[in-house]
Structures are given as C-alpha cells and as structure tokens.
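J.:
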Amino acid sequence: MRELIIDRSSESVFGDVMLLEKLAYSLRKRGLGVQESLRLAYVALLILLVVLTALPWTYLLAFSTRSLAKFHVQLVLRSLVYFAVIFLLVSVLAVVEWFASRALKARELGVSEAWLWSIIRELEEVTGAGKLRVRLVEEDAPRAFLLLDDVVVSKGLIRALSAEEIKAVLAHELGHRYLAPLRALRGVLTFAVFFNASTILALSLDTNAYYGSLSLPVFSASTVLCFITILSLSRIEEHLVDIYSVKVTKSTALASALSKLERGLAINPPRSLVKPLLMMKGISYPPIKTRIDVIAEFHRELSTENKSNS
1 MRELIIDRSS ESVFGDVMLL EKLAYSLRKR GLGVQESLRL AYVALLILLV VLTALPWTYL
61 LAFSTRSLAK FHVQLVLRSL VYFAVIFLLV SVLAVVEWFA SRALKARELG VSEAWLWSII
121 RELEEVTGAG KLRVRLVEED APRAFLLLDD VVVSKGLIRA LSAEEIKAVL AHELGHRYLA
181 PLRALRGVLT FAVFFNASTI LALSLDTNAY YGSLSLPVFS ASTVLCFITI LSLSRIEEHL
241 VDIYSVKVTK STALASALSK LERGLAINPP RSLVKPLLMM KGISYPPIKT RIDVIAEFHR
301 ELSTENKSNS
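Our numbering applies: residue 1 is where the sequence shown begins, and numbers increase by one.
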C-alpha cells in the first residue's frame, strides 16, 4: 500500500485513495482540514468525471462532417442497444443482491434488543434524520447495511461491538442516507460512463475500420479513467460517511468498531452474493487502516475546534 506523508511526523490519512493522493496532499498543505479536503477533492473528481465522460464525444464531433452524420447516428443507435444489454446485466445483479438481502429475513427488534432503542432515539434526536428503522438478521457475520430506508444489523454485530460502537455504526449508516444526493449524482454519471463503454463495443464491431481505429483508443482510455474516478468517488464517500459518524457521536468509537468488524468478517464472511465481491477486496472501499487514520485525525481536529470555541 502506497502512503502519502502530509506532515513529517505522521502517515497520510489519504494513503491508497486512487487519484486522490497528490490532490489531498496539496489541499492539506494549504491548511485545509480533513473534511474540507475530502469535500473539495470530491467536487474536483466529479468535475473530472464529467470532463472525461464528455471528452470522447467532443473528439468525435470535432472530426464530424456531413458525410459522417449517418455513421454517427448508427453509432449512437448501436451504442444504445449494447447499453441496454449492459443495463440488463447490471439490473439482474442488483435484483439478485436485493433478493439475497430479503432472504436474510430481517426482523424488528425484539425484547432482548430493547436496550438498542435508547441508542436509536438518541441518534434520531441528534441527527434530526427522522424515524430510524433498525432491523435485525440472525447472522453471525458482523455487518450493517441500508436496505431501502431501513438500517439492517446482524446478530454477530450486536455480539461483537459495545453499545458506543453500535451507535457509531448506526450513525455511519445514517450518513449514507445523508449523502444520498451525491450518490444519486454519481449514479447518473456512472450510467453515462456505461454508455461510453457500450460505444466501445459499437466501435469495435464497426465496419468503418479506419474511423473506428481513430475513435476507439480515445473512448477506451477515457472510459478506463472514468471507472477509476468513480471508484475514487466511492472511497471518498465512505470517508465522508465515517466523519459524519464522528460528528454525531463525538468519539472515535467507529475506529474500534471497524477493527473488530474487519476481524469478524474474516472469520464469518456475509451471506451475500454480489456486493461483498467488491467490498471484501477493498476495490470501492478505502483500506480499514486508512479509514481509521481519517477518523482519528478528524476527531483531533474536532476536539481542537471545540476547545477553541469553549
């Protein structure tokens, strides 16, 4: 794992975040805090994603002539067909994951979990996020996730974590709901990138070999960079959700919870079919050590700010 030093005495909290290392270093060197650095980096990567998505079409139109107009129409139509196929495959995976989650048979909290209600009520009051519905699954894998608008926690998580750590995990899941507009924007841009990927297929099968050979490298390079940027955005979102939990709980309990969950998941992996394939490999999630470093640094900044204001 490559790490970036943002001061001489400690490791960078932004190590191993794709396409973000130099940007985060530059922002932190200019005196910005963790939250400000992550937010600005997120905006910068969103702009980069828009530019990369539009770049191949700009290139295509730059060489457009009246004689190529018919080719452009045919290319878009073929791309739409391939996009529909890709969309169908992704939808099938999403449906499989949804049914797998529903098959866990999440239930409402029972008498033995009544102590959780005080934590839930406190989070509702602190965050102002409205009614928080928490459901429980009888599963040994310690995990928590959003299922539609419900927070689902496993029995293994309840056994593995303290009350303060459970509160931090629930606040983390609420953070995903808080960032829903950003995730929706990233989702729209992701669809646009998938359309560009569909165009790569269309160009690869194009009968106009000369024209396709000019456009294909541009579309291919742009799409690869787009997917890397999307993964970078996903990682930053996870950091933003982590620091949301720190702001709500005013503690680093999430850091110790992540350490316990990492060990627990290594012993008892979740019974899910799609999402953990990415999650367990850390592709779209920052390394646990990096997340813990971010949490610790942000908590120090928050504590210093509170002391200066008191």
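Just so it is clear, CB atoms sit at the ideal spot from N, CA and C, and this is done for glycine as well. None of these values were measured; they are calculated from a predicted model.
1. Mind checking asparagine 196: buried by the 16 CB within 10 Å criterion, or exposed?
2. Taking a contact to mean a Cβ-Cβ separation below 9 Å, would you say lysine 250 touches leucine 302 in this structure?
3. For leucine 261 versus leucine 157, is the C-beta distance shorter than 9 Å?
4. May I ask you to report which of helix, strand or coil DSSP gives aspartate 293?
5. Is arginine 108 helix, strand or coil when you go by DSSP?
6. Out of Ser154, Asp149 and Tyr285, which has the shortest C-alpha to C-alpha gap to isoleucine 228?
7. Between the Cα of leucine 170 and those of Tyr244, Phe191 and Gly264, spot the shortest distance and give me the residue it belongs to.
8. Taking 9 Å as the threshold (C-beta atoms), are histidine 239 and arginine 291 in contact?
9. What are the start and end residues of the beta strand (DSSP E) that includes alanine 144?
10. Tell me the residue span of the alpha helix (DSSP H) that contains serine 259.
11. Please go through the same chain and pick out, in chain order, the residues whose beta-carbon is closer than 6 Å to the beta-carbon of isoleucine 230, but skip the five residues on each side of it.
12. Count the other CB atoms, across all protein chains shown, that sit within 10 Å of the CB of phenylalanine 298; report buried if there are 16 or more and exposed otherwise.
13. Exposed or buried, which one is aspartate 293 when buried takes at least 16 other CB atoms within 10 Å?
14. Given a cut-off of 9 Å on the beta-carbon distance, is the pair cysteine 226 and valine 193 in contact?
15. With a CB to CB cut of under 7 Å and the five nearest residues on each side skipped, what residues in its chain are close to alanine 163?
T.: Walking through what the data contain:
1. buried
2. yes
3. yes
4. helix
5. Looking at the sequence itself, residue 108 is glutamate, so the reference to arginine does not match. In the structure shown, glutamate 108 sits in a strand (DSSP, three-state: E or B).
6. Tyr285
7. Tyr244
8. yes
9. 144-147
10. 253-267
11. Thr190
12. buried
13. buried
14. yes
15. Ile119
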